[in-house]
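Chemist: Residue numbers (the numbering used here): -6 to 369.
We treat Cβ as the ideally placed atom computed from N, Cα and C, and that holds for glycine.
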Amino acid sequence: MRKLQMVDLKSQYDKIKSTVDASIQEVLDTTTYINGPKVHEFQKSLEEYLGVKHVIPCANGTDALQIAMMGLGLQPGDEVITADFTFAATVEVIALLQLTPVLVDVDMVNMNISIEAIKKAITPKTKAIVPVHLFGRAANMEAIMQIANEHNLFVIEDNAQAIGANCRFSDGTKKKAGTIGHVGATSFFPSKNLGCYGDGGAIFTNDDELAHTIRGIVNHGMYVRYHHDVVGVNSRLDSIQAAVLNAKLPLLDNYNVARQNAARSYSKAFEGHKNIIAPTICDVCDCHVFHQYTLRIIDADRNALMDHLQSKGIPCAIYYPIPLHAQKAYADVRYKEEDFPVTNQLVKEVISLPMHTELDAEQIKYITDSVLEFFN
Ligand SMILES: Cc1ncc(COP(=O)(O)O)c(C=O)c1O
-6 MRKLQMVDLK SQYDKIKSTV DASIQEVLDT TTYINGPKVH EFQKSLEEYL GVKHVIPCAN
54 GTDALQIAMM GLGLQPGDEV ITADFTFAAT VEVIALLQLT PVLVDVDMVN MNISIEAIKK
114 AITPKTKAIV PVHLFGRAAN MEAIMQIANE HNLFVIEDNA QAIGANCRFS DGTKKKAGTI
174 GHVGATSFFP SKNLGCYGDG GAIFTNDDEL AHTIRGIVNH GMYVRYHHDV VGVNSRLDSI
234 QAAVLNAKLP LLDNYNVARQ NAARSYSKAF EGHKNIIAPT ICDVCDCHVF HQYTLRIIDA
294 DRNALMDHLQ SKGIPCAIYY PIPLHAQKAY ADVRYKEEDF PVTNQLVKEV ISLPMHTELD
354 AEQIKYITDS VLEFFN
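1) When the Cα atoms are used, what is the spatial distance from G191 to I291?
2) What are the start and end residues of the alpha helix (DSSP H) that includes G70?
3) I'd like the list of long-range same chain contacts for F333, defined as Cβ closer than 7 Å, with 5 residues on each side in sequence excluded.
4) Any heavy atom of ligand 1 closer than 6 Å to the Cβ of V125?
5) Does the beta-carbon of H47 have 16 or more other beta-carbons within 10 angstroms, so that it is buried, or is it exposed?
6) For a test of the three-state rule: what should DSSP assign to V343, helix, strand or coil?
7) Any idea which residues DSSP pairs G177 with across the strands?
8) Within 10 Å of its beta-carbon, does K169 have 16 or more other beta-carbons around it, so buried, or fewer, so exposed?
9) Using the Cβ count rule (16 or more neighbours within 10 Å means buried), how would you classify Q18?
10) Can you give the Cα-Cα distance for M63 and S258, rounded to whole angstroms?
11) To the nearest angstrom, report how far apart R295 and V343 are at their CA atoms.
12) For D222, I'd like the list of residues in its chain whose CB is within less than 8 Å of its CB, leaving aside the five on either flank, ordered along the chain.
13) With a threshold of 6 Å (Cβ to nearest heavy atom), would A88 be considered close to ligand 1?
14) Tell me which same chain residues have a C-beta within less than 7 Å of the C-beta of E359, skipping the five on either side of it?
15) For the beta strand (DSSP E) that contains A121, what are its first and last residues?
16) Are the beta-carbon atoms belonging to C278 and N159 less than 7 Å from one another?
17) In this structure, does DSSP put K241 in helix, strand or coil?
18) Going by the CB atoms, is the gap between H175 and V148 shorter than 7 Å?
19) Would you mind giving the Cβ-Cβ distance between L67 and Y323, rounded to the nearest angstrom? I have them listed as a contact below 8 Å.
20) Since L383 is in the beta strand (DSSP E), which residue starts that stretch and which ends it?
21) Would you be able to state if there are at least three C-beta pairs under 8 Å between the stretch 81 to 96 and the stretch 238 to 257?
22) Note down the Cα distance separating L298 from K(-4), rounded to an integer number of angstroms.
23) Based on the DSSP secondary-structure assignment, which residues constitute the bridge partners of T206?
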């Protein structure tokens, strides 16, 4: 059996080596390292893939979120509602821009921001909602957009973990996660569903004016060379990363199917187990692209299970062990523990198993047998 890893980038690379290497070689041969044709090509291909009018590539997913918020003109003191159960980047940029983060609880089933909690958190100072499509599963964008429209709020989708996932609406239509709110942000960190070989990110929007503003912000606030109209940043996707992404984007749907198939095999093995709550897989809409495969372990010692798996050479991880409201950097007297019952429970129960495009049946069987063995 091949060695088990949380993410197996080497086996994936081995299969696409000739395409990736040729694409990188073109950048080296033409020395078009910054803003070269590869970046433009990737931007166009991603716009087409997502069905969105504008993709603005940038240096990483954290920048993408920050720049999206800058582009919307959010001002210090504006309240921005986001999920308590996510990676810190989401709240970090809100705080960095001196906006006021308002962390709210998540939903127990989809682990995404709770619609009821959003409604309760809205005040006259609320200006935006940042749903995170956590672990690859699309948040309930229909409900979120409805609340946003009622209260005149911006929606910034953190799509770092769910590129390619679909959101389905009650009229039967589907849209790609990240393209539904006013603006979306993603990350091409190597382990992401569409990962490059370094850092990378992108911002998406259907709003022409916002896209124009953001294109200037990513480039030192310049719209005309050496004319700085707004305060900007330097955040570029470099051409070598774009070369990798050009080679990988045509494979994204297949990669997501491979993740879904692995998730299906895992969940089948755990079906009906009294101590394991496995993620549900929706066959109609591709709303979950399994950036992570995350179980809840109930009425059992989750940490002892981790030790057991590690002793058998199976890597596993806790995403995320501490709620953001309990992190030193983001603690606030306004937060009360009873406002976060779901997040507080999830951080004690979740465990993520290896999830990537290269998992094979033998590896999955070994992992599921080892998990089940723990409870025997
Ligand atoms: C939910 C979420 N948001 C934002 C980011 C930030 O992306 P990056 O690491 O590219 O800055 C990540 C990446 O780990 C993430 O998982």
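Modeler: Walking through what the data contain:
1) Spanning the two alpha carbons is a distance of roughly 37 Å.
2) From DSSP, G70 is part of no alpha helix (DSSP H); its letter is neither H nor E.
3) Setting aside the 5 residues that flank it on each side, F333 is surrounded in the same chain by D77, D98, P316, H318, each with a C-beta closer than 7 Å to its C-beta; the list follows chain order.
4) V125: yes, Cβ under 6 Å from ligand 1.
5) Burial of H47 is indicated by the presence of at least 16 other C-beta atoms within 10 angstroms of its C-beta.
6) Reduced to three states, the DSSP call for V343 is strand.
7) According to DSSP, G177 bridges with E150, F197.
8) Buried, because 16 or more other Cβ atoms sit within 10 Å of the Cβ of K169.
9) By the 10 Å Cβ count, Q18 comes out exposed.
10) Taking the Cα positions, M63 is about 42 Å away from S258.
11) Looking at the two C-alpha atoms, the distance is approximately 8 Å.
12) So the qualifying residues of the chain are G209, G214, M215, Y216.
13) For ligand 1, not one heavy atom lies less than 6 Å from the Cβ of A88.
14) Going by the sequence as given, residue 359 is Tyr instead of Glu. Around Y359: M(-6).
15) Start and end: 119 to 123.
16) Result yes, Cβ atoms of C278 and N159 sit closer than 7 Å.
17) In this structure, K241 counts as helix in the three-state DSSP scheme.
18) Yes. Within cutoff.
19) For L67 against Y323, the beta-carbon gap comes to about 17 Å, at or over 8 Å, which does not count as contact.
20) Here the chain covers residues -6 to 369 and nothing more, so residue 383 does not appear.
21) The stretch 238 to 257 vs the stretch 81 to 96: no contact.
22) The C-alpha of K(-4) is placed about 20 Å away from the C-alpha of L298.
23) According to DSSP, T206 shares a beta bridge with no other residue.
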